[in-house]
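Residue numbers (this note's numbering): 674 to 843. What follows is a set of notes on a single structure, which appears directly below.
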């Protein structure tokens, strides 16, 4: 992100400020007014002290990432193919890896989990209120012709007499 000479200058300001990052920022801004003042003085000093270089220290940054093997990837994809309604958590338990790893494998293979959401079935008693609503909307559209432009219609659903699944193709 920063060149070696910029990092050298930042470390020099950090040294002049006796290891006080906030004061180092002030000194850096005074010395280099045309440069954007970074917030990385402590990190640069720590990397230089620990590894002897201005390269970024990544040895202890967060939780180590699980290395995915081809076998693991094939097992996860086989699980998803066998039981498409399973969650990443279920696959996580079976394969003894984190659900994030399962999700990443699926994402890299352009697979996305989808769980149909079952909702209430339409009843005969629902017919009249729906018809009344439609009539009122038609009357309002006659008075205000662009009414439907201001209504946000969202969420897809397949509606039949017996089933009502959101986002379902069956």
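For every residue, glycine included, the Cβ atom is placed at its ideal position computed from N, Cα and C.
Taking a C-beta distance under 7 Å as the contact criterion, residue 718 and residue 685 do not qualify as a contact pair.
A direct Cα-to-Cα measurement between residue 795 and residue 802 gives close to 12 Å.
In the three-state reduction of the DSSP assignment, residue 802 falls in the helix class, which pools H, G and I. Between residue 773 and residue 765, the alpha-carbon positions lie close to 9 Å from each other. Considered as a whole, the stretch 742-793 harbours 743-755, 761-768, 772-781 as its complete alpha helix (DSSP H) runs of no fewer than 4 residues, in chain order. Counting only the Cα atoms, residue 757 lies some 10 Å from residue 750. Here the C-alpha atom of residue 715 lies approximately 13 Å from the C-alpha atom of residue 681. Looking at the backbone, the Cα of residue 783 and that of residue 675 are separated by about 35 Å.
Cβ contact annotation for residue 700 (same chain, cutoff 8 Å, sequence separation greater than five): 686, 689, 690, in chain order. For the 7 Å CB-CB criterion, residue 723 and residue 748 do not form a contact.
Following the DSSP letters along the chain, one finds residue 827 in no alpha helix (DSSP H), marked with neither H nor E.
If you check the CB distance, residue 761 and residue 770 do not come in under 7 Å.
The Cβ neighbour count for residue 720, taken over all protein chains shown within 10 Å, is at least 16; the residue is labelled buried. Distance check between residue 678 and each of 694, 708, 695 places 708 closest, using alpha-carbon atoms only. Secondary structure note for residue 700: its alpha helix (DSSP H) is the uninterrupted segment 694-704.
In this structure, DSSP gives residue 714 a helical state, which the three-state scheme calls helix. Annotation: the continuous alpha helix (DSSP H) that includes residue 688 extends over 677-689.
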